[in-house]
Structures are given as structure tokens and as C-alpha cells.
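Student:
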């Protein structure tokens, strides 16, 4: 368990950042942790990804002895480094250990096979997460944002508590705080801290697109009562809107044309099943209470 006692100056310094490197590490931790059955919604992705992991890379992840990997786990994400290649180059510059280049190459190979094909959807989901949390931070303040992170992250001033594989208690004084949303943080939490900055991953809300990453195996046909009532397309849109999303993200996650999603959203909004809200320059959609009730009754 992580226990962070935060002073006011540190609270005021909170920022959010994305990190392809942390996504890579989180996904590898998921594969290492679950050798058999995998929790929803990752089953289809894991079935494919396991065939994409270089055995040498997985062995290094499990043993956690490689200096390059240790530096990766201590890396602090920076918004100016927006690609895995840039982040890996930053790690290369921090050391010149034997085997660094080999491990960096294995991570790039794994990324290209397992994460790269889904990165557009993942990145869109993470960008919306940052926008959503950033809005809360700007309008209601840092304490409101921390209180809403979820995923068993608890805020009781002045302490932030989060599940972790080690038992740590830290006083964060006049330090920058970086929160990194991740679609893979359910498997492991990445945490790093020094005298200048403390960074921690947390589970992003939008992981629904993993439900649509098939494992290549045939599935038994089932009766979808919600689809029978309102049509298959609208049923899938409803299931995708359990967390706020834009039209573009819904379209990408479902593999639908944006115009098709727009038509479904217009009908669902008019019916009072979905609400819309503009945040910044984007319009978000989410299920209203009647939409959640419909999903609970017929969504199986």
C-alpha cells in the first residue's frame, strides 16, 4: 500500500501526463501476472499479445534485474516526450549499461506487435481521461480530482492511499505530483519518487475497447436482448458510453464510421438515454440514469 501525505504546495503542483513507456510496462506486468485466465476486459487482447512477446523480454520483466528496466520503472513521464521511441532514447541517455540497446529493441518490437495496432484507441481514451480530470482539477481543485480517481485510490486529507505491491509511507513536501492514467494499471501500479517529483499511475476509466479486440477464436452465438430491442449498432454504442466519450472515440473503439455513431447518438440523446456535455473544445456523451437502467435490465 502507498500512503502519501501531501502538503498544500504539492497539491497545487499536480499535473497529468501520458506515457507510452508506462503503458508498455503496465501491459507487460499484466501478461506476467496472469498466466492463465485473465480478467475482463483484457482476455482477447492478452490472447493475441502473448504470441507477440519476445521470450527474452518476458524473462527480464519477471526477474527485474536489468539496469535498463530498473531505470524504466523509475522514469518520470514528461508531456514533451510523446512517443515510446523518445522515452526509450531518454533512458538510453541516462546510462550506458551492457544490454541496454538489446532491451530497448525488444520493447520496441513488443510495442509494434502488441500495443501499436491499438494505440490510436488507447491514446484517444487517455487523452479524454486527461481532459476530463484536468477539467475537474481546474474547476473544483486538486482535492476533488483526487477524490474521484477511483480504482481503490482514496483521498482523506492530507493522505492519498493506493494499492501497491510494497508498503510505503511518504511525506511529499514541496514536490511536483504527476498522475499518469493507464489502461493497464489494473495489473500493476507504477510509482516513482525523488526529492523533486512524485509520479504514480492510476487506472483510466475507458477500457471498453478491449472488449472488441478478438482472440481469433470462434464464439458461440448468444441472444442480445438489448440489440433485439434497439438494434445491434445502438446497443454497442450504449455499452461504450458507461464513461464519458466523444463521438470520435466511440467510433474508433467500435470500428464504426463517425457519421454512423453521430446518428445513433442523436437518437439516443433525443430519447433521454444519453446526455451530452461540452468540455473545452470537445463534446462528451455518457449514459443518463435511464440508459444505465436499460443496460442493467437488458445488457446481460
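In this note's numbering, the protein residues as written are -7 to 292.
A virtual CB, placed ideally from N, CA and C, is assigned to each residue, including glycine.
Being a predicted model, the structure only gives us computed values, none of them experimental.
#1: What residues are listed by DSSP as bridge partners for residue 62?
#2: Considering residue 154, what are the terminal residues of the beta strand (DSSP E) in which it resides?
#3: For residue 31, does the three-state DSSP call read helix, strand or coil?
#4: If we ignore side chains and look at the alpha-carbon of each, how far apart do residue 155 and residue 22 end up?
#5: Identify, in the order they occur along the chain, each residue of the same chain with its Cβ nearer than 7 Å to the Cβ of residue 12, setting aside the five sequence neighbours on each side.
#6: Are the beta-carbon atoms of residue 193 and residue 162 separated by less than 8 Å?
#7: Fully enclosed by the region 204 to 260, which alpha helix (DSSP H) runs are 4 residues long or longer?
#8: Following the continuous alpha helix (DSSP H) through residue 172, name the residue where it begins and the one where it ends.
#9: Count the other CB atoms, across all protein chains shown, that sit within 10 Å of the CB of residue 237; report buried if there are 16 or more and exposed otherwise.
#10: According to DSSP, which residues form a beta bridge with residue 277?
#11: Could you give the DSSP three-state label for residue 142: helix, strand or coil?
#12: Extract the residue ranges of the alpha helix (DSSP H) inside the region 57 to 109, only unbroken runs of 4 or more that lie entirely within it.
#13: Mind checking residue 132: buried by the 16 CB within 10 Å criterion, or exposed?
#14: From this set, 29, 231, 45, 160, which residue's C-alpha is nearest residue 101's C-alpha?
#15: Do the region 139 to 148 and the region 35 to 50 meet, that is, are 3 or more Cβ pairs less than 8 Å apart?
#16: Indicate whether residue 10 and residue 134 have their beta-carbon atoms separated by less than 8 Å.
#17: Would you kindly report the start and end of the unbroken alpha helix (DSSP H) that includes residue 359?
#18: Of the residues 28, 169, 84, which one's Cα is nearest the Cα of residue 0?
#19: Starting from residue 128, trace the alpha helix (DSSP H) in both directions and tell me its first and last residue.
#20: With distances taken Cα to Cα, identify the nearest neighbour of residue 280 among 273, 274, 269.
#21: In this structure, does DSSP put residue 137 in helix, strand or coil?
#22: Judging by CA-CA distance, which residue of 31, 109, 51, 165 is the nearest neighbour of residue 190?
#23: Quick check on residue 42: does DSSP put it in helix, strand or coil?
#24: Within the same chain, show all residues whose beta-carbon is closer than 7 Å to that of residue 71, passing over the 5 residues directly before and after it, in chain order.
#25: Consult DSSP for residue 8 and reduce its assignment to one of helix, strand or coil.
#26: Between the Cα of residue 176 and those of 24, -3, -2, spot the shortest distance and give me the residue it belongs to.
#27: Measuring straight from C-alpha to C-alpha, what distance separates residue 243 and residue 92?
#28: With residue -6 as the anchor, note down where its beta strand (DSSP E) starts and where it stops.
#29: Looking at the secondary structure, which residues open and close the beta strand (DSSP E) in which residue 191 lies?
Tutor: Based on what the coordinates show:
#1: Looking at the DSSP assignment, residue 62 forms no beta bridge with any residue, so it has no partner.
#2: 151 to 154
#3: coil
#4: Between residue 155 and residue 22, the C-alpha separation is close to 16 Å.
#5: 75, 76, 79
#6: no
#7: Runs found: 217 to 222, 224 to 232, 239 to 246.
#8: Not the alpha helix (DSSP H): residue 172 falls in the beta strand (DSSP E), residues 168 to 174.
#9: buried
#10: 237, 268
#11: strand
#12: 59 to 65, 76 to 86, 92 to 102
#13: exposed
#14: 45
#15: no
#16: no
#17: Outside the shown range of the chain (-7 to 292) lies residue 359, about which nothing can therefore be said.
#18: The candidate whose alpha carbon is nearest that of residue 0 is 169.
#19: Residues 111 to 132.
#20: 269
#21: Look at residue 137 here: in three-state DSSP terms it is helix.
#22: 165
#23: helix
#24: These residues qualify, in order along the chain: 9.
#25: Here residue 8 carries a strand assignment [DSSP, helix/strand/coil].
#26: Measuring from the Cα of residue 176, the nearest candidate turns out to be 24.
#27: 39 Å
#28: -6 to -2
#29: 189 to 195
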